[in-house]
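First comes the structure, then the notes that go with it.
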Amino acid sequence: YMHKQQQLFYNEEATSMRQTAIRTLLFYAALLSHSPAAAFSFNSVRNQQRNSIHHASVESVETSSDLVESSSTPSSNSRWATNALLFSSWTDGIVTNHAAKSFLRYSIVNKLLQDHVVDKEDGLETSVKFSPCNGPDIGAINNLEAADILSDRGKQFAFDAFDAAVRNEVDSWSKETLQYISTETGEVTVKLLYIPTAMYALNPQSSNTPGKQRQRARADGKKRRTQVLNLLETLLSVDSSENLSLQTITLDLDDDSLKQPEGPHNSQFPKDGKEALSTWNPTVIYVEGGNTFWLQHCIDKGQYSQLIIDACTGESGAVYCGKSAGAIVAGDDVSTATWKGWDDPSVVPNRETYDDWIGTRGFQFSESLSFFPHMSDDWIELVNDKVKGKEANSTCCLREEEVCCITGERKQTFVVSGAAPEC
Numbered sequence: 001y002m003h004k005q006q007q008l009f010y011n012e013e014a015t016s017m018r019q020t021a022i023r024t025l026l027f028y029a030a031l032l033s034h035s036p037a038a039a040f041s042f043n044s045v046r047n048q049q050r051n052s053i054h055h056a057s058v059e060s061v062e063t064s065s066d067l068v069e070s071s072s073t074p075s076s077n078s079r080w081a082t083n084a085l086l087f088s089s090w091t092d093g094i095v096t097n098h099a100a101k102s103f104l105r106y107s108i109v110n111k112l113l114q115d116h117v118v119d120k121e122d123g124l125e126t127s128v129k130f131s132p133c134n135g136p137d138i139g140a141i142n143n144l145e146a147a148d149i150l151s152d153r154g155k156q157f158a159f160d161a162f163d164a165a166v167r168n169e170v171d172s173w174s175k176e177t178l179q180y181i182s183t184e185t186g187e188v189t190v191k192l193l194y195i196p197t198a199m200y201a202l203n204p205q206s207s208n209t210p211g212k213q214r215q216r217a218r219a220d221g222k223k224r225r226t227q228v229l230n231l232l233e234t235l236l237s238v239d240s241s242e243n244l245s246l247q248t249i250t251l252d253l254d255d256d257s258l259k260q261p262e263g264p265h266n267s268q269f270p271k272d273g274k275e276a277l278s279t280w281n282p283t284v285i286y287v288e289g290g291n292t293f294w295l296q297h298c299i300d301k302g303q304y305s306q307l308i309i310d311a312c313t314g315e316s317g318a319v320y321c322g323k324s325a326g327a328i329v330a331g332d333d334v335s336t337a338t339w340k341g342w343d344d345p346s347v348v349p350n351r352e353t354y355d356d357w358i359g360t361r362g363f364q365f366s367e368s369l370s371f372f373p374h375m376s377d378d379w380i381e382l383v384n385d386k387v388k389g390k391e392a393n394s395t396c397c398l399r400e401e402e403v404c405c406i407t408g409e410r411k412q413t414f415v416v417s418g419a420a421p422e423c
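Residue numbers are given in our numbering: position 255 of the sequence shown equals residue 255, and the series is strictly consecutive.
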């Protein structure tokens with residue numbers, strides 16, 4: 001009987017019957033939840049419903065960028081970020097790149113939608129458990145169905161052909177979904193966790209004292225964070241910015257310090273880096289550029305790697321934005337940072353040479369793909385030599401105007417380009 005009731009989920013022409021089936025299933029789920037022999041729960045039923053809706057619509061797509069060179073076997077512990085953008089330059093790669101901004105907005109909105117669904121599911125399940133005789137709130141169930149429809153539409157975009165027509169569809173979906181979330185919750189809350197650690201590395205050759213270097217780096221980081229916030233406000237405002245609640249805080253992975261909290265007066269900020277990456281549930285994690293070796297050292301020293309991986313993977317992972325050094329550590333092999341000789345490894349105790357970094361693994365947000373930012377024609381011969389020498393599994397070379405977009409559900413990467421910067 002209950003199997004037949006579940007089948008009614010998928011009959012779009014029988015709305016009232018489907019609602020009755022949901023009520024019946026949740027009633028029994030609530031009763032069974034108090035028994036050790038419980039066979040299923042509300043969330044398991046919801047997952048079956050979503051899987052049936054989405055199963056046929058999403059297929060795995062191979063990497064579409066022609067900037068990728070394959071050379072050796074993938075790493076065994078590869079994984080995929082939920083959604084990520086990796087780039088060399090914020091201004092040339094994101095701000096002036098319409099395709100990148102469209103994918104960034106899509107990624108954030110998708111994260112917000114998944115969080116909204118989880119919150120509604122948890123609330124509905126709790127209400128049914130505590131009041132099983134009354135059954136579930138049919139209005140809340142219909143609300144979840146509306147969210148499922150939006151989620152399903154969001155999963156059907158053809159990112160392998162991310163032309164103007166597709167971008168218009170994506171932007172339309174993003175705006176509609178933002179309006180839905182704003183209507184349901186009263187406001188859209190976006191949390192930015194800004195990590196400027198790479199740019200905080202001291203320069204031994206500088207004439208400034210370490211104190212002055214840190215002071216200048218913190219001031220520069222605050223300015224760059226403001227630029228990110230301004231773009232997020234532009235991309236995500238629904239009708240007006242009054243419905244948008246932007247919260248941000250800066251995390252330095254070197255000492256686990258949180259500084260410069262900013263947001264509405266009722267904002268609740270995390271107490272430390274671990275909380276910032278977990279229970280605070282950031283919408284966007286932005287990892288700034290700078291010295292890659294110092295950044296990776298601080299990630300290792302503070303045992304942040306798994307925390308960042310957990311925060312940026314899964315169905316509702318945070319959107320990872322990695323600029324330059326932040327892009328390199330998101331890849332499979334961090335040793336691409338040794339190729340140009342720009343970053344100084346001597347800032348890291350006991351790992352002062354480039355050879356000390358060969359084979360260092362990053363977050364592996366796109367399986368075996370590694371990243372080489374700030375690509376130009378000057379580096380073509382170098383890159384070809386490194387790839388032939390198998391110093392990286394597969395390497396995506398990113399020019400200043402290019403962004404590598406990652407969508408984990410489809411196991412897909414693609415590169416979008418803005419206008420090339422003037423020389």
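Using N, Cα and C, we set each Cβ at its ideal position, and we do this for glycine too. Here the structure is a predicted model, which means the values were calculated and not measured.
Give me, in chain order, the residues of the same chain whose beta-carbon lies closer than 7 Å to that of residue i; leave out the 5 immediate sequence neighbours on both sides.
i	result
N110	N83 and G154
I181	L112, L113, H116 and V188
T96	G418 and A419
K301	none
I108	V190, L236, T283, V284 and V319
T407	N83 and F159
V118	S316
What is the residue span of the alpha helix (DSSP H) that residue i lies within?
i	result
F293	T292 to K301
A146	I138 to G154
N384	I380 to K388
Y354	Where Y354 is concerned, there is no enclosing alpha helix (DSSP H), given that its DSSP letter is neither H nor E.
Y200	Neither: Y200 is in no alpha helix (DSSP H) and is coded neither H nor E.
V170	A164 to T185
Q306	S305 to C312
Start and end of the beta strand (DSSP E) containing residue i?
i	result
E262	S257 to E262
Q412	Q412 to S417
From the DSSP secondary-structure annotation, give me the bridge partner or partners of residue i.
i	result
F159	None, per the DSSP bridge assignment.
V190	L246
W280	None, per the DSSP bridge assignment.
R105	Per DSSP, none; premise fails for R105.
L251	L258
I285	L193 and Y320
R216	DSSP, once it has assigned bridges, lists no residue as partnering R216.
Excluding the five sequence neighbours on either side, which residues of its own chain have a C-beta within less than 6 Å of the C-beta of residue i, listed in chain order?
i	result
G273	L251 and D256
L436	Outside the shown range of the chain, which is 1 to 423, sits residue 436, and nothing can be said about it.
V170	S102, Y106 and F157
K259	T250
W280	P270
S88	S324, P373, H374, L398 and E400
A337	T292, I328 and D343
Q296	V329 and V334
Just confirm the distance between the C-beta atoms of residue i and residue j, as a whole number of angstroms; I'd bet it's less than 8 Å.
i	j	result
A100	V416	5 Å
V284	V319	5 Å
V376	S394	It should be pointed out that residue 376 corresponds to Ser in this sequence rather than to Val. That pair is no contact at about 20 Å.
A198	N291	5 Å
G289	S324	3 Å
Y194	V228	7 Å
P282	F269	With a Cβ gap of about 11 Å, P282 and F269 do not count as contacting.
F293	V347	6 Å
L244	S237	5 Å
C312	L253	The Cβ separation is near 15 Å, so there is no contact.
F365	W80	6 Å
A140	L124	5 Å
F363	S305	7 Å
G322	L86	5 Å
Answer yes or no: the CB of residue i versus the heavy atoms of the ligand ADP, is any distance below 7 Å?
i	result
Y106	With respect to the ligand ADP, the structure offers nothing, as it holds no ligand at all.
State the DSSP-derived secondary structure class of residue i, mapped to helix, strand or coil.
i	result
C405	strand
D343	coil
N83	strand
G221	helix
G322	strand
D333	strand
Within the same chain, show all residues whose beta-carbon is closer than 8 Å to that of residue i, passing over the 5 residues directly before and after it, in chain order.
i	result
V383	E69, W339, F372, M375, T395 and C397
S267	S245, Q247 and P261
S206	Q213
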